[in-house]
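According to mature numbering (1 follows the signal peptide of the UniProt record, and there is no 0), the residues represented by the sequence shown are -24 to -1, 1 to 407, in order. Cβ coordinates follow ideal geometry from the N, Cα and C atoms, glycine included. Bear in mind that the values here come from a model prediction, so they are computed numbers and not experimental data.
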Amino acid sequence: MKTKTFIYALGPFLFLFISTGVEAQILNKIANKVQETTERKVLDKTEKSTEDALDGSEKKVNTTKNKKNNSKEDSLITAGPDESNVGSADLISYANYDFVPGDQLLYYYDMAGERDSEIPGRMLLDEGNLEIQTYKGEKVLYIPASSEAYFSPQMTDKNYLPEQFTLEFDILSNGGLKTTTDASEITLFFRGEDESVGAYGNATAPIRIVLSGISGDNDTASYQFGIFKSDDWIGAVNKNFPAEAVNPSQNNWRKVAFYMNKNIGKLYLDQHRIGMANQIETGKPAKLDIAVTNPDHPVMIKNFRIAAGGADAYNKIMSDGKIVAYGIQFDVNKATLKPESMGTINEMVKMMQSNPALKFEITGHTDSDGKDALNIQLSQDRAEAVKTQMILMGIESARLTANGFGSKNPVAKNDTAENKARNRRVEFVKL
């Protein structure tokens, strides 16, 4: 069995480990609760619905499930609200969010078109039970209750992680408050180029992240930094999550994001930066293994993507005249900004505030799926949504224009999931 890195996530509670180098200095500063000081609220702008548009993976959702399929889907996760969604959080709660995805997409798993109950086509299953299922109209990676799964992204290059990269995914498990022994556990294990493959828990890794459902006497959740060598944690530091970073409800999708730049690592749960380390072991991680263990309830994962880091946004704009903002995301077939878009938008707003002469054309782009007219309208609405949000944050409207180009200006062929995701983008073009 391959050595695994694990992120353990049980519904609302998470337990984090990041293994660093010897004598690693641990920064355990917890992100303060988001200050709701903004008096402005996002305009409730109603755009023309483009439900008939096909915009890559967003538009391939199968909404014509038969009664048998509905029964199967309903059995995946029970209880909880019907409309749980990553994009349902108020943008205001992400006012201080600073995670910005890399601008060079390395891996994006579009599961549309794959058959339910089959092994995922773009994940290498090393051991256990991992399958595709449809949950509320979306394809997800599904680990059944009382099962385990050890898997990794299918990549052509075995050592595919650069020194600077980002990882993102959404996870759902409705186990609720559980004891440590009952908690579902998900682990991400970032292995080095020369690290040997061994039994789980018996290898050294530059980085190991663990998120776990855990309650204890006070129903608190915690994270831990430490070095993991020879099946033992060394120099680990335990800290409780801030209460505002723990959602007490079940059946909610949680957004997990990780940023790595040489010796610096940052981990995010939804809008909260829950951990940092600045002395990660020398030698960049090269590949990723994933494990899900002890699920008392089904565990689901979606929107799994890895991207190479990217130059400083201001320097990128000064050298190239534009920046591609893959961090700006929208609800399916709509121009409604997802909350995690605020990391990139915050970065652009701060840049414009520091450089009053800067002006931008915000351009929206889609892949080639669907009708041209509908794609152009959707991309126009999305560019306008970004412009509106930036104006609400204090940028003068005269410094921003918005245009939608649909699929007219691709940056890649529309032949793979990654290439279609590359074409679905927002750009800031310097005027």
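Presumed contact (8 Å Cβ cut-off) between P315 and F166, rounded CB distance: The pair is not a contact, with the Cβ atoms about 26 Å apart (cut-off 8 Å).
Cα-Cα separation between K238 and L101, rounded to whole angstroms: Their backbone Cα atoms lie some 29 Å apart in a straight line.
Assigned exposure category for T392 - 16 Cβ within 10 Å defines buried: So T392 ends up on the exposed side.
Contact set for T269: own chain, Cβ-Cβ below 6 Å, skip 5 residues either direction: Here the set comprises E124, E161.
Which of helix, strand or coil DSSP assigns to A262: In this structure, DSSP gives A262 a state outside helix and strand, which the three-state scheme calls coil.
Buried versus exposed, by CB contacts within 10 Å (16 or more), D348: With fewer than 16 other beta carbons inside 10 angstroms of its own, D348 counts as exposed.
Rounded distance between the beta-carbons of F141 and I282, thought under 8 Å: Yes, I282 and F141 are in contact; Cβ-Cβ is about 6 Å, under 8 Å.
Under 8 Å between C-beta atoms of S344 and S317: No.
In DSSP terms, what A125 is bridged to: G104, V268, per the DSSP bridge assignment.
Close-in-space but distant-in-sequence residues of the same chain around G297 (CB under 8 Å, 5 per side omitted): Contacts found: V405, K406.
Cβ neighbours of V275 in the same chain (closer than 6 Å, five flanking residues each side left out): These residues qualify, in order along the chain: I119, S149, S160, V268.
Identity of the residue in L117, Q353, Q365 nearest N309 by Cα: If we check each option's Cα against that of N309, Q353 comes out closest.
V308 - DSSP class collapsed to helix/strand/coil: In the structure shown, V308 sits in coil (DSSP, three-state: anything other than H, G, I, E or B).
Pair within 8 Å by beta-carbon distance, A284 and I299: The answer is no: Cβ separation not under 8 Å.
Beta-carbon proximity of F381 to T320, cut-off 8 Å: Contact check for F381 against T320 fails: the beta carbons are separated by 8 Å or more.
Integer Cβ distance of M294 from V325, believed to fall under 8 Å: In this structure, M294 and V325 do not form a Cβ contact; the two beta carbons are roughly 18 Å apart against a cut-off of 8 Å.
Residue burial classification, P129 (beta-carbon count within 10 angstroms, cutoff 16): Here P129 is buried, its C-beta having at least 16 other C-beta atoms within 10 Å.
Classification of residue 461 by the beta-carbon crowding that lies within 10 angstroms, buried from 16 upward: Nothing can be reported for residue 461, as the shown portion of the chain is limited to -24 through 407.
Buried or exposed by the 16-neighbour rule on C-beta atoms within 10 Å, applied to G192: Because G192 carries a pLDDT of 40, less than 50, the predicted location of this residue cannot be relied on, and the following value inherits that uncertainty. G192 is exposed by the Cβ-count criterion.
Environment of S373 [buried if 16+ CB atoms lie within 10 Å]: By the 10 Å Cβ count, S373 comes out exposed.
Within the region 302 to 356, ranges of the beta strand (DSSP E) (whole runs, at least 3 residues): Segments of the beta strand (DSSP E) lying fully in the region 302 to 356: 336 to 341.
Supposed contact pair E337 and N379 - C-beta distance, whole angstroms, cut 8 Å: Contact holds; Cβ gap of about 6 Å.
With 16 other Cβ atoms within 10 Å as the buried cut-off, status of D86: Using a 10 angstroms sphere on the CB of D86, the tally of other CB atoms reaches 16 or more, which defines it as buried.
Short Cβ contact (8 Å threshold) for K115 with E90: In contact: K115 and E90 (Cβ atoms closer than 8 Å).
Status (buried if at least 16 other CB within 10 Å, exposed otherwise) for D133: Burial is judged here by how many other beta carbons sit within 10 angstroms of a residue's own beta carbon; D133 has fewer than 16 and is exposed.
Sheet register partners of I282 (DSSP bridge): Looking at the DSSP assignment, I282 forms a beta bridge with Y83, L143.
Nearest residue (CA-CA) to D146, options P77, H248, W229: Across the set P77, H248, W229, the C-alpha of W229 shows the shortest separation from the C-alpha of D146.
Alpha-carbon to alpha-carbon, R249 and F75: If you take the alpha carbons of F75 and R249, they lie about 8 Å apart.
Neighbourhood of Y73 by C-beta distance below 6 Å, restricted to the same chain and skipping five residues each side: Excluding the 5 residues flanking it on each side, Y73 has same chain C-beta neighbours closer than 6 Å at Q247, M318, G319, in chain order.
For R358, three-class secondary structure by DSSP: Under the three-state reduction of DSSP output, R358 falls in the helix class.
Top-ranked residue by Cα proximity to N385, from R375, T377, K396: Of the candidates R375, T377, K396, the residue whose Cα lies closest to the Cα of N385 is K396.
Opening and closing residue of the beta strand (DSSP E) in which M294 lies: M294 -> not in any beta strand (DSSP E); alpha helix (DSSP H) instead, spanning 289 to 296.
Euclidean distance between Cα positions of E394 and Y84: Their Cα atoms are separated by approximately 5 Å.
Straight-line Cα distance separating N135 from I185: Approximately 19 Å between the Cα atoms of the pair.
Terminal residues of the alpha helix (DSSP H) in which F393 lies: The sequence shown places Ala at residue 393, rather than the Phe named in the question. Note, A393: alpha helix (DSSP H), 393 to 399.
Whether A88 touches E144 by CB criterion (8 Å): No, the pair does not count as a contact, with Cβ atoms beyond the cut-off.
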